[in-house]
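A.B. asks:
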Amino acid sequence: MPHSFIPLATLLFAVSFGCIGSVFADDKPKEISFSRDIGPILSANCYKCHGPDGGKDEKGKSLRKAGLRLDVEDSQNWDDVIDRITSTDPEDIMPPPEANKTLKPGEIELIKEWIDEGAEYETHWAFIHPKASSIPSDKHSIDHLFGNDLADKADPYTLIRRLHLDLIGLPPTIQVADAFAANPSPDAFTEIVDELLASPRYGERWARRWLDLARYADTNGYEKDRDRSIWPYRDYVIQSLNADKPFDQFTIEQLAGDMLPNATPEQIIATGFHRNTMLNEEGGIDPLEFRYHAMADRVATTGTAWLGLTTGCAQCHTHKYDPITHHDYFGLMAYLDNADEPDFHLPDSDLKARQKANQAQAKKLLAELPSKWPAPSSRGVFQPQPIRTVTTSGSRAEVKDNTALITGPIPAKDTYIITLESTESNFSALRLDTLAFNGKGPGRTKHGNFVLNEIEVLASPLRDKPQPMQVALTTAKSDAEQKSFPASNAIDGDLGTGWAIHQQGKQLNNNRYLEVDFSQPVKFEGGTRLTVKLTQNHGSSHTIANFRLALAKANPANEAPKKHLQKSYQIWLAKQKPNLVDWQPLTASKAEANIPFLTKEEDGVIFVGGDISKKDIFTLNFPALDKPIHSLRLDALPDDRLPAGGPGMTYYEGRKGDFFLSEFEVHQDDQELAFSGSSQTGFGAQYGKGNATASAAIDGDVQSGWSLKRLVGTHQAAVFNLSKPIPAGQSFTIKMNFGRHFASTLGKFRLSASADAKVKAILHQGTMEDFLLQAPELKAYSDKIRSLQKPLKGPPTLVMKERPAAHPRPTFLRHRGEYTQPREQVPPRLPVAIYPEDKPLPKNRLEFARWLVSAENPLTARVVVNRHWAAFFGEGVVPTLDDFGMQGQLPAQPALLDHLAVTFMQEGWSVKKLHRLIVTSQAYQQKSQIESGTSQQFLRQRLEAEIIRDSALTASNLLNEKMFGDPVRPPQPTGVSEIAFGNPKWRTSQGNEKFRRSIYTYLKRTAPFAFLTTFDGGSGEACLAKRDRSNTPLQALTLMNDPMFIEIAENFGKLLEKHTGSLEEKIIFAFRRLLTRPPTKDEVRLLSGFHQKHKSWPALTRALLSLDEAVTKN
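Per the numbering used here, the sequence shown runs over residues 480 to 1593.
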């Protein structure tokens, strides 16, 4: 039978919402305290079923799943409570048998006595504001509150080593240690403390502890775990700690630095704290789902780092122990949810100056381009000629505007015979222009390549028909040559060789030419007939699809370069003019998208913001124009606000800054209009077997589309020609579909329309500058100009940016914490247990950050000082550093914790002042104990992984003290990194870069640096308030055999070899560089015997580096 309902007052629930004063605030605490004595019993035995996550009955009272009703207004019928917890009946006893928990007799007696005393409740101690204690003026506050049960003061060498390792993470020099040992006075000690606090090494030591909380790593995590650039955030933390930036300011900058008025680059970089979340780049994932997982991580991390609460436990349901409801959890998420996640490039004044100089040089070179035009050669300008074409395969040759298009069935091999007739003469060269066709290269293959095995030219007079003469061809050149297929192959008389145009890393979708010179001008009175034979027998359909021929006359030797330039320009311009078009920018009357938001800017430009998905659809409505529309133009525009400068928004899986336009649709009167063709300025990708060209965006296949890939960061455009024009006076709609198996949306664009029915392609505007920049003769100069015009940017880092007020991101409660089960929208809110219900809530992320470090929040100061206390003493005043809630342990010395918290706030949240206060106390300076006996003892502690390595580097004189910048890769065993996706090789940094401090070591989440992992370092996958402290055989083996430590030992040995003095003096020198203190006579004797036996200084230093004392803080 089910457990029956009985009244139980507020025994299990009032702990969360009671309002009686804390036991720690009373001068004379009651004999039995709810917080100290009763709460822990209930938390351990009852809250799993009867915690704050219960339902509500019709009266609004809390219900618990085991059948107990908890009425916060009724304190009667305590006899029933006692009966249930003392019953032997399995149907009645609490906890029930299936809970596998049993109240001990002493615990039952405590509950009985508490009830007899009046069952007085107290608010959980951590939710009451801390109060400072009264400290005598002649007492150190910590020592006054710590108690009198202290050990003797540590000896000077132990103390000075402890102080250096704690404050800067490096051992002291022998000279500093000896000077302090000679004068171990309080003043001398304080002077050293101040020197260490001012050292730049201080920030490097303490940054690692904060980076554990920030889950810092140099890769994205998850399956692919690709590299990310976020080291500027790590440098920000180091710099902030060295500058003693107040912790409240430190907090606000990291959580909401982008929202501060006139935010500085430093404050923007600080927001990388919550960009340390992992990013899943696995194929097929939903990016918005994993964004939600990142948000869940941010809520949990914020709870741990500032509140000391396990907020993540409320993601799926109301917290089983702490007063954090399911709604509270998503209310906290709402504060952090309304931010976009862009890249931010570090400002660099030197870079700006260089950019300015580059632009000036580019402008100068552009002005000089006309003067670089080459002097006329022995031939004139090529001019297209009318042609007649036949093929040996029977394929059709359609000639229009002097251009031949080969259509019909595609043979494996073919030969074209072209006839040119001109009334002129004196020709000295022939040019074959192969023209990009149908969105691919000039060839008839699927990719657009071809192989021209041989070109032959026959000449005869136009009027007569004698036997044609063979024209000898002397030189051949081209603007594109495939490896092993140079232009010269086309005139070598060998049909087994040929000219082809595919070049590694370059697109085929370009016009390419082949120019051949005649051995002597062809001269016939009355005109010339030329027969050109193009043999293409490579096979696999490697034949030319679209081409034209041009002839050049022998050039007058005295033609001036300027005149030659103008003539060349006019010829080029004549080709362009038929297709030059006036485009009218379109302004949408309505622009919508499924998830992103579209913002109209000037000149018809639309900027895309917000979240993107794997299938985004833009719907744009346009008013009627006064002219019919024959063609539409889509300009994809780069912008620094977009990933990698855009024009796309791809940020994972594909090329950063790219887009994938899968379908471009035009609708008019609910009818989808057809297209007759398309073109684009460029494409840089292939997907599947096809090119990602504009034509792929109008083929009805969502798996194909237009994409840029290697052309990201540049302005590109596509033209779509309509089969039938949109009539004048008719409105229309354009729909664009984006995305593939990853989110790949266009980020900035403009749509334009043309009333010209002859639009065929996107061409230059026709200016002299356009001509010069595209002219093959000036390619080296134009490449240089384009290179100089490229924007120079500092290193990127990941930051947060508040969304526009007009487009806030809604936060929804997720049933059972599952992304796929959104329920009602949740506004920003804080748990009522830590925020008064009658006060206005913080409205946004900035106000939330300010509240976290305000006097109104009872938790943050306590949580922070407790973590710092644990860093020095090995254990916190509250041992559970990440849990100040009901399941956390009680503070061993509540008055001390509260006083430190209040002092921390009163001293301007200064971490250095807090550290100074701690290390100048007698409590800190006492001798260490191996095991914890009382809370007043200083525990002997194993050093953190980074300090072990850095101390060894210092002792061996290898440490490179260079600060900041890109992460480095020290030596480590082979094969460690290869376990990660793609088997990445570990490329050890060169020179002394590999000996930089461990804070700068590259951290890959799926394969962390082996040494740090062995000694319990974090992986960056989750917020880490306290590292585990293990003791394993592998640690001892690492100190003996790790490649890095072998190198350290060898260099340490060389240092000893060079050191002057006797064997004993060298041993003492080595011992003290590593361990600070002088060795005992027995230690010197043992080490001397060791050296005499092995005759190796590296062997001796390896032994020293492996000592327990070398990895321990006494």
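For glycine and all other residues, C-beta sits at the position ideal for the given N, C-alpha and C.
Go through its chain and collect everything with a Cβ distance to F1550's Cβ below 6 angstroms, but skip five positions before and after it.
C.D. replies: What you label residue 1550 is simply residue 1071 of the sequence shown in a count that begins at 1. Here the set comprises P1558.
A.B. asks: Which full runs of the alpha helix (DSSP H) of 4+ residues lie inside the region 802-864, going along the chain?
C.D. replies: 805-816 and 828-851
A.B. asks: What are the partner residues of G927, as DSSP defines its beta bridges?
C.D. replies: Locating residue 927 in the sequence shown gives position 448, where the first residue counts as 1. None, per the DSSP bridge assignment.
A.B. asks: Where does V1085 sit, in a helix, a strand or coil, going by DSSP?
C.D. replies: One-based indexing of the sequence shown puts residue 1085 at position 606. Per the sequence presented here, residue 1085 reads as Ile, with Val not at that position. The answer is strand: DSSP assigns I1085 an E or B state.
A.B. asks: Between which two residues does the beta strand (DSSP E) holding F1143 run?
C.D. replies: Residue mapping note: residue 1143 aligns to position 664 of the sequence shown, counting from 1. From DSSP, the beta strand (DSSP E) with F1143 extends over F1139 to Q1147.
A.B. asks: Out of E577, E570, E510 and T581, state which residue places its alpha-carbon closest to the alpha-carbon of S522.
C.D. replies: Counting from 1 along the sequence shown, the entry for residue 522 is found at position 43. Closest by C-alpha distance to S522, out of E577, E570, E510 and T581, is T581.
A.B. asks: What is the rounded straight-line gap between the Cα of R923 and the Cα of T913?
C.D. replies: Position 444 of the sequence shown, counting from 1, holds the residue named residue 923. Position 434 of the sequence shown, counting from 1, holds the residue named residue 913. Those two C-alpha atoms are separated by around 11 angstroms.
A.B. asks: Below 7 angstroms between beta carbons: does that hold for L1553 and A1402?
C.D. replies: In the sequence shown, the residue the question calls residue 1553 occupies position 1074. In the sequence shown, the residue the question calls residue 1402 occupies position 923. Taking 7 angstroms as the Cβ cut-off, L1553 and A1402 do not qualify as a contacting pair.
A.B. asks: Would you call the CB atoms of F1443 and D807 closer than 7 angstroms?
C.D. replies: Translated into positions along the sequence shown, residue 1443 becomes position 964. Translated into positions along the sequence shown, residue 807 becomes position 328. No, Cβ-Cβ distance for F1443 and D807 is not below 7 angstroms.
A.B. asks: Run through the region 906-989 for me and flag every whole beta strand (DSSP E) of 3 or more residues, listed as ranges in chain order.
C.D. replies: 906-913, 933-940 and 952-957
A.B. asks: Applying the 10 Å Cβ sphere with the 16-neighbour rule, what's the burial state of S1186?
C.D. replies: Against the sequence shown, residue 1186 aligns to sequence position 707. When all chains shown are included, S1186 counts as buried.
A.B. asks: Assuming V1342 is part of the beta strand (DSSP E), what are its boundary residues?
C.D. replies: On the sequence shown, residue 1342 is found 863 positions in, with the first residue counted as 1. Per DSSP, V1342 belongs to no beta strand (DSSP E); it is in the alpha helix (DSSP H), T1339 to F1352.
A.B. asks: Tell me whether H1394 sits in a helix, a strand or coil according to DSSP, three-state version.
C.D. replies: Working through the sequence shown from its first residue, we reach residue 1394 at position 915. Of the three classes helix, strand and coil, the one that applies to H1394 here is helix, per DSSP.
A.B. asks: Select from E1081, L589 and W604 the residue whose C-alpha is nearest the C-alpha of V597.
C.D. replies: Here the question's residue 597 lines up with position 118 in the sequence shown. Inspection of the sequence shows that residue 597 is occupied by Gly rather than by Val. For the residues E1081, L589 and W604, the minimum Cα distance to G597 belongs to L589.
A.B. asks: Out of Q1049, A1340, H1347 and N1216, which has the shortest C-alpha to C-alpha gap to A611?
C.D. replies: Taking the first residue of the sequence shown as position 1, residue 611 is located at position 132. Out of Q1049, A1340, H1347 and N1216, A1340 has the C-alpha closest to the C-alpha of A611.
A.B. asks: Find out if the Cβ-Cβ distance for the pair C1502, R694 is shorter than 7 angstroms.
C.D. replies: Along the sequence shown, one-based indexing puts residue 1502 at 1023. Along the sequence shown, one-based indexing puts residue 694 at 215. The answer is yes: Cβ separation under 7 angstroms.
A.B. asks: Inspect the beta-carbon positions of Y1298 and Y771 and report whether they are closer than 7 angstroms.
C.D. replies: As a working mapping, residue 1298 is identified with position 819 in the sequence shown. As a working mapping, residue 771 is identified with position 292 in the sequence shown. Yes, the pair counts as a contact, with Cβ atoms nearer than the cut-off.
A.B. asks: Using a Cβ-Cβ cutoff of less than 7 angstroms, which residues in the same chain neighbour V1084 once the five nearest sequence positions on both sides are dropped?
C.D. replies: In the sequence shown, the residue the question calls residue 1084 occupies position 605. Cβ neighbours of V1084 beyond the five flanking positions: L1116, K1227 and R1229.
A.B. asks: Rounded to whole angstroms, how far is the Cβ of R833 from the Cβ of T1555, which I believe are closer than 8 angstroms?
C.D. replies: As a working mapping, residue 833 is identified with position 354 in the sequence shown. As a working mapping, residue 1555 is identified with position 1076 in the sequence shown. Between T1555 and R833 the Cβ distance is about 48 angstroms, and since that is not below 8 angstroms, they are no contact.
A.B. asks: Measure the beta-carbon distance from H981 to Q999 and round it to whole angstroms, keeping in mind my assumption that it falls under 8 angstroms.
C.D. replies: Walking along the sequence shown from the start, residue 981 turns up at place 502. Walking along the sequence shown from the start, residue 999 turns up at place 520. Rounded, the Cβ-Cβ distance is 34 angstroms, inconsistent with contact.
A.B. asks: DSSP state of E537, grouped into three classes?
C.D. replies: Residue mapping note: residue 537 aligns to position 58 of the sequence shown, counting from 1. Its pLDDT being 34, under 50, E537 is placed unreliably by the model, and nothing is read from it.
A.B. asks: Run the CB neighbour count on I803, radius 10 Å, all protein chains shown included, and call it buried at 16 or more, exposed below.
C.D. replies: For the purposes of this step, residue 803 is identified with residue 324 of the sequence shown, where counting begins at 1. I803 is buried by the Cβ-count criterion.
A.B. asks: In terms of DSSP beta bridges, what is W689 paired with?
C.D. replies: Position 210 of the sequence shown, counted from the first residue, corresponds to residue 689. For W689, which the question treats as bridged, DSSP gives no partner whatsoever.
A.B. asks: Does DSSP classify D714 as helix, strand or coil?
C.D. replies: Position 235 of the sequence shown holds residue 714. D714 falls in the helix class under three-state DSSP.
A.B. asks: Leaving out the 5 sequence neighbours to the left and right, which residues in its chain are closer than 6 angstroms to S1498 when beta-carbon positions are compared?
C.D. replies: Working through the sequence shown from its first residue, we reach residue 1498 at position 1019. Same-chain partners within the cutoff: R1484 and P1487.
A.B. asks: Can you find a heavy atom of the ligand FAD that lies under 6 angstroms from the Cβ of A1312?
C.D. replies: Ligands are entirely absent from the displayed structure, and the ligand FAD is therefore not among its contents.
A.B. asks: In three-state terms, what does DSSP make of P508?
C.D. replies: Reading the sequence shown from its first residue, position 29 is the one you call residue 508. The pLDDT assigned to P508 is 44, lower than 50, so where the model puts this residue is not dependable; a value taken from the coordinates is nonetheless given after this. Three-state result, P508: coil.
A.B. asks: Would DSSP call D996 helix, strand or coil?
C.D. replies: If you number the sequence shown from 1, residue 996 lands on position 517. Note: D996 maps to strand in three-state DSSP.
A.B. asks: Alpha helix (DSSP H) containing I1426: first to last residue?
C.D. replies: As a first step, residue 1426 must be located in the sequence shown, where it is residue number 947. Its alpha helix (DSSP H) spans residues A1424 to A1434.
A.B. asks: Report back the beta-carbon spacing between L941 and E900 to the nearest angstrom; my notes put them in contact at under 8 angstroms.
C.D. replies: Taking the first residue of the sequence shown as position 1, residue 941 is located at position 462. Taking the first residue of the sequence shown as position 1, residue 900 is located at position 421. Contact holds; Cβ gap of about 6 angstroms.
A.B. asks: Whose CA, out of A742, A818 and L1030, lies closest to the CA of F997?
C.D. replies: Position 518 of the sequence shown holds residue 997. Considering only alpha carbons, the answer is L1030.
A.B. asks: Return the chain-ordered list of same chain residues with a C-beta closer than 6 angstroms to the C-beta of V1011, the five sequence neighbours on each side being excluded.
C.D. replies: On the sequence shown, residue 1011 is found 532 positions in, with the first residue counted as 1. Here the set comprises I897 and V936.
A.B. asks: Taking 7 angstroms as the cut-off, decide whether the C-beta atoms of L1338 and L786 are in contact.
C.D. replies: Within the sequence shown, the letter at position 859 stands for residue 1338. Within the sequence shown, the letter at position 307 stands for residue 786. Yes, they are a contact pair.
A.B. asks: What is the rounded straight-line gap between the Cα of K1263 and the Cα of Q840?
C.D. replies: On the sequence shown, position 784 is the one that residue 1263 refers to. On the sequence shown, position 361 is the one that residue 840 refers to. The straight-line gap from Cα to Cα measures roughly 10 angstroms.
A.B. asks: Does the region 789-803 come close enough to the region 1358-1367 that 3 or more CB-CB pairs lie under 8 angstroms?
C.D. replies: yes
A.B. asks: Return helix, strand or coil for A1207, following the three-state DSSP convention.
C.D. replies: The residue given as residue 1207 occupies position 728 in the sequence shown. If DSSP states are grouped into helix, strand and coil, A1207 belongs with coil.
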